[in-house]
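See below for the structure under consideration.
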Amino acid sequence: MDQPLAYKAYTDTGPILERDLASRAGLGWMGKNTCLIDPQSGSYYLLAELFINIRLENDLPFTTDHCGSCRRCIDACPTGCILPDRTLDARRCISYLTIENKGNVPTELRPQLGDWVFGCDICQQVCPWNIRFASPEFDSGLSPQAENARPDLMAALSLTPHDFNRQFKGSPILRARRRGYLRNAAVVLGNFRDARAVPALAIALQSDSEPLVRAHAAWALGQIGGDAARQVLDQCSGSETDAEVLAEITAAQIACQDGGRSGIRAAR
Numbered sequence: 013m014d015q016p017l018a019y020k021a022y023t024d025t026g027p028i029l030e031r032d033l034a035s036r037a038g039l040g041w042m043g044k045n046t047c048l049i050d051p052q053s054g055s056y057y058l059l060a061e062l063f064i065n066i067r068l069e070n071d072l073p074f075t076t077d078h079c080g081s082c083r084r085c086i087d088a089c090p091t092g093c094i095l096p097d098r099t100l101d102a103r104r105c106i107s108y109l110t111i112e113n114k115g116n117v118p119t120e121l122r123p124q125l126g127d128w129v130f131g132c133d134i135c136q137q138v139c140p141w142n143i144r145f146a147s148p149e150f151d152s153g154l155s156p157q158a159e160n161a162r163p164d165l166m167a168a169l170s171l172t173p174h175d176f177n178r179q180f181k182g183s184p185i186l187r188a189r190r191r192g193y194l195r196n197a198a199v200v201l202g203n204f205r206d207a208r209a210v211p212a213l214a215i216a217l218q219s220d221s222e223p224l225v226r227a228h229a230a231w232a233l234g235q236i237g238g239d240a241a242r243q244v245l246d247q248c249s250g251s252e253t254d255a256e257v258l259a260e261i262t263a264a265q266i267a268c269q270d271g272g273r274s275g276i277r278a279a280r
């Protein structure tokens, strides 16, 4: 070589058009769920790129679409974020809402989160290329560990920033940050509508330093309803100073009067 090797590596760490590059390199086709699908391994894998300053021989692009008339991912998406033209409305995607979104989860989409606390794989779980056609010898290593599949969400609401960082050190969950993870936990507890969660949600509403957490804890209490939840909301309505949290408390009080807000329950 006449020049020193220069390189830069990416694995979901930069704004790289990974799927298009991978398809052009012959690794698969972009499915209707917008994931890159490899005919041998499905879509459960991470893409990695290595940019170098050496000209290499081009690979042949992957040009065949094997989705056919299948609509399983489109029909299964709880929020309808997968569109027929192979685009995705990220504003409605559960993965976006629970990981990348740093603000409120839109009220109308909270019931559709079901029990998804961090991310969502429904569009991949229903894909025939992952169910039937992927090689059984392929192990992506992306399956959740049993001890993490059903986290204690009531305990999660009491995590301090230090505890959160220590518990999830080295985990992708850190990307959501503490306030995002606790926000998600509150939404899921609201979807469960289990009165046993009222004390934990009450503490979050009364004392958490993050308005984002308090707002979603109030919503969850409104979903659960009952005298205990209503009492907490009434108490906090007189002490809360954040306007957005107060609005959530007011809406939750109304929901309690109506016996809990009706909504579509997404189930897994």
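Counting from 13, one number per residue, gives the positions in the sequence shown under our numbering. We treat Cβ as the ideally placed atom computed from N, Cα and C, and that holds for glycine.
Tell me, to the nearest whole angstrom, how far the beta carbon of residue i is from that of residue j; I am working on the premise that it is less than 8 Å.
i	j	result
residue 106	residue 96	In fact, because the Cβ distance is near 19 Å, the residues do not count as touching under 8 Å.
residue 203	residue 110	So it is not a contact: roughly 13 Å between Cβ atoms.
residue 38	residue 72	5 Å
Tell me the rounded alpha-carbon separation between residue i and residue j.
i	j	result
residue 352	residue 135	Nothing can be reported for residue 352: it is not among the residues displayed for the chain, which extend from 13 to 280.
residue 44	residue 140	12 Å
residue 170	residue 20	40 Å
residue 218	residue 180	25 Å
residue 199	residue 67	50 Å
residue 244	residue 98	45 Å
residue 206	residue 216	16 Å
residue 248	residue 165	22 Å
residue 6	residue 101	In the structure as shown, the chain begins at 13 and stops at 280. Residue 6 is therefore absent and cannot be evaluated.
residue 26	residue 62	12 Å
residue 55	residue 252	46 Å
residue 40	residue 70	15 Å
residue 64	residue 210	55 Å
residue 75	residue 50	12 Å
residue 130	residue 246	30 Å
residue 239	residue 185	34 Å
residue 78	residue 18	37 Å
residue 14	residue 178	48 Å
residue 53	residue 144	10 Å
residue 235	residue 125	14 Å
residue 174	residue 33	39 Å
residue 201	residue 208	10 Å
residue 172	residue 119	26 Å
Exposed or buried, residue i, counting other C-beta atoms within 10 Å across all chains shown (16 or more means buried)?
i	result
residue 250	exposed
residue 104	buried
residue 260	buried
residue 270	exposed
residue 123	buried
residue 81	exposed
residue 224	buried
From this set, the options, which residue's C-alpha is nearest residue i's C-alpha?
i	options	result
residue 194	117, 241, 235 and 266	117
residue 142	18, 16 and 84	84
residue 265	94, 241, 146 and 183	241
residue 268	237, 137, 175 and 255	237
residue 114	255, 188 and 16	188
residue 127	87, 177 and 163	163
residue 138	161, 178, 86 and 14	86
residue 46	53, 172, 146 and 93	93
residue 57	263, 146, 262 and 182	146
Which same chain residues end up closer than 7 Å to residue i when comparing Cβ atoms and leaving out the 5 residues on each side of it in sequence?
i	result
residue 42	31, 35, 48 and 98
residue 28	22 and 61
residue 16	none
residue 88	134, 135 and 138
Once the 5 residues before and after residue i are set aside, which same chain residues still bring their CB inside 6 Å of it?
i	result
residue 213	229, 232 and 233
residue 222	191
residue 226	217, 220 and 257
residue 176	190
residue 112	none
residue 121	91
residue 108	102
Residue i: beta carbon under 7 Å from a heavy atom of the ligand ADP?
i	result
residue 183	The ligand ADP is not part of the structure shown, which contains no ligands of any sort.
Just to confirm my understanding: we take residue i, look at its own chain, exclude 5 residues before and 5 after, and list those with CB closer than 8 Å. What are they?
i	result
residue 262	249
residue 183	none
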